[in-house]
Amino acid sequence: MAPAPKPRADRELVHNRLPLLRADRGMSRSDLAAALGIHYQTVGYIERGEYAPSLHLALRIAKLFDVPVEAIFALEPFGQLRVESLLEPSTR
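Residues in the sequence shown are numbered from 7 upward in steps of one, following the numbering used here.
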């Protein structure tokens, strides 16, 4: 099996919140991979920033989690989550 592609210096790193979303839904990498029809190692590569998903795959991931794609993927690192963002709207 070929090693995972490494981010090149001339290519932007795609940051993501995929591990957070998986944990929130109680999904393993294998569960997510099966739901998307991809190899479980691909999920690991994406989570570690070693592989940027295609636009089609990113949109499918966003649809699966029912969130906007920019809530999962970004060109800049995500900031720290605040407690307020974790509370249900009715408890704010």
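Beta carbons: idealized from backbone N, C-alpha and C, even for Gly.
- For the set Phe79, Leu65 and Pro74, the Cα lying nearest the Cα of Glu18 is the one of Phe79.
- Counted as a single uninterrupted DSSP element, the alpha helix (DSSP H) harbouring Tyr51 occupies residues Tyr46 to Glu53.
- Assignment of Phe84 by DSSP, reduced to helix, strand and coil, places it in the coil class.
- One thing to note: Arg35 has its Cβ within 8 angstroms of the Cβ of Val49.
- Here Leu24 is buried. Its C-beta has 16 or more other C-beta atoms within 10 Å.
- The C-beta distance from Leu42 to Leu70 rounds to 7 angstroms, short enough to meet the 8 angstroms contact threshold.
- Between Val20 and Leu81 a beta carbon distance of about 7 angstroms is seen, short of the 8 angstroms cut, so the two are scored as contacting.
- DSSP places Leu26 inside the alpha helix (DSSP H), whose first and last residues are Leu24 to Arg31.
- In the DSSP assignment, Asp37 falls within the alpha helix (DSSP H) that extends over Arg35 to Leu42.
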